[in-house]
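See below for the structure under consideration.
Numbering (this note's numbering), first residue to last: 349 to 761.
What follows is the structure, given as structure tokens:
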């Protein structure tokens with residue numbers, strides 16, 4: 349539902365409409381998206397930008413639109429609601445215009461109770477609303493809307509989960525997504541302390557940024573289906589995760605003739621079964637918002653193969669097929685699924701990660717002469733270059749790119 353329809357749902361008329369699109373609504377909630385916070389002609393613009401306090405008006409318009417839609421669906425004629433008062437509001441960033449991506453405003457209708465007071469007001473009346481976001485991004489509790497209903501509201505920041513976020517490529521992706529305005533969930537398994545350090549470093553780095561950066565750490569084993577389900581359910585309790593980067597992976601290299609079953613199984617488990625265990629429980633919440641980005645980190649080995657990596661190449665090639673199929677399944681829901689296949693990427697985590705099967709950071713080390721022989725660009729790539737591609741695929745600009753395997757390998761394949 350676009351802007352023209354929204355104008356008829358709010359009390360202010362076209363000149364004050366701040367919402368661009370209603371992406372989803374039902375009897376319980378409404379999800380709106382907007383980019384008007386970046387518009388210099390925004391009616392709330394104070395000359396320097398958009399103060400964070402303007403988030404209250406965005407929330408109020410979402411509340412009004414939901415009340416009107418709900419009334420219409422029930423065959424009632426209800427006037428749009430109005431935000432009457434706010435007891436308290438807390439803001440993470442001083443201004444809204446510093447966020448480059450589109451804002452999302454979500455409202456949930458709660459049950460009747462002492463605060464909602466449906467019985468004390470003549471029908472039609474509006475639902476009791478709660479506008480939710482994950483800490484520390486909650487903008488505040490208990491504004492009141494027309495009809496005596498109470499609630500809490502926010503303009504929510506999209507959340508991004510990066511598995512294997514404690515490694516070098518994963519860490520670079522986490523930092524880039526945080527700079528792009530996402531609340532980043534840094535995942536690790538064996539290196540939980542590294543994930544905590546990275547999340548803390550992202551928060552500290554954001555202290556000097558006008559918009560602030562936001563991150564948290566989480567630890568679970570992607571090969572353990574129940575552990576994944578439990579951890580993801582806890583994360584989803586605060587709202588959908590709309591960006592997923594499946595980066596977790598390990599190396600356990602050996603020629604197939606001498607490869608043990610454990611070497612084969614462990615690599616397949618992390619890269620391929622881990623994809624299912626993490627992605628599957630996130631899909632329905634993502635589908636309900638009608639927006640999502642799934643980015644898988646694969647390898648050039650999954651495209652051309654590599655000596656001593658039959659297990660790794662099989663896992664990544666399987667990931668390519670799974671991602672292409674999933675892209676078709678969710679294409680009509682505003683969700684894209686793409687895969688990045690890096691070549692030789694420079695970094696510190698080299699042979700140790702390969703030999704011991706630790707969480708993947710970068711490819712095994714190569715002497716400079718080998719890199720020059722293998723890579724036409726005659727250098728290794730950087731984790732930050734992979735992160736830049738992942739951030740693009742997670743952005744609004746990549747909305748028509750899906751089902752693709754994109755190589756970043758200096759023209760080596």
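Positions of the beta carbon are idealized from the N, C-alpha and C atoms, including for glycine.
No experiment lies behind these values; they were computed from the predicted model shown.
DSSP bridge partner residues for residue i (one or two, in chain order)
| i | result |
| --- | --- |
| residue 690 | 756 |
| residue 373 | 378 |
| residue 399 | 443 |
| residue 455 | 378 |
| residue 562 | 531 |
| residue 591 | 508, 641 |
| residue 423 | Partner(s): none; residue 423 has no beta bridge. |
| residue 536 | 567 |
Where residue i falls: helix, strand or coil (DSSP)
| i | result |
| --- | --- |
| residue 799 | Outside the shown range of the chain, which is 349 to 761, sits residue 799, and nothing can be said about it. |
| residue 506 | coil |
| residue 683 | strand |
| residue 646 | coil |
| residue 354 | helix |
| residue 542 | helix |
| residue 332 | Missing from the structure shown is residue 332; the chain here goes from 349 to 761 and no further. |
| residue 656 | coil |
| residue 622 | helix |
| residue 729 | strand |
| residue 608 | coil |
| residue 411 | helix |
| residue 651 | helix |
| residue 714 | coil |
| residue 554 | helix |
| residue 747 | coil |
| residue 579 | helix |
| residue 393 | coil |
| residue 617 | helix |
| residue 365 | coil |
| residue 633 | helix |
| residue 723 | coil |
| residue 585 | coil |
| residue 736 | helix |
| residue 666 | helix |
| residue 695 | coil |
| residue 661 | helix |
| residue 520 | helix |
| residue 761 | coil |
| residue 383 | coil |
| residue 742 | coil |
CB contact flag (residue i, residue j, <8 angstroms)
| i | j | result |
| --- | --- | --- |
| residue 687 | residue 596 | no |
| residue 614 | residue 664 | no |
| residue 508 | residue 626 | no |
| residue 679 | residue 521 | no |
| residue 617 | residue 571 | yes |
| residue 580 | residue 629 | yes |
| residue 659 | residue 600 | yes |
| residue 368 | residue 384 | yes |
| residue 666 | residue 691 | no |
| residue 646 | residue 621 | no |
| residue 443 | residue 388 | no |
| residue 756 | residue 737 | yes |
| residue 562 | residue 531 | yes |
| residue 677 | residue 450 | no |
| residue 525 | residue 739 | yes |
| residue 751 | residue 670 | no |
| residue 641 | residue 372 | no |
| residue 529 | residue 546 | no |
| residue 731 | residue 517 | yes |
| residue 453 | residue 406 | yes |
Exercise. Would you call the stretch 534–546 and the stretch 560–574 in contact, with 3 or more CB pairs under 8 angstroms?
Worked result: yes
Exercise. Is there contact between the stretch 400–413 and the stretch 364–380, where contact requires at least three CB pairs shorter than 8 angstroms?
Worked result: yes
Problem set entry | Three-pair Cβ contact test at 8 angstroms for the stretch 580–589 versus the stretch 598–607 | Counting Cβ pairs under 8 angstroms, fewer than three are found: no touch.
Exercise. Three or more C-beta pairs closer than 8 angstroms, one from the stretch 713–723 and one from the stretch 645–652: is that the case here?
Worked result: no
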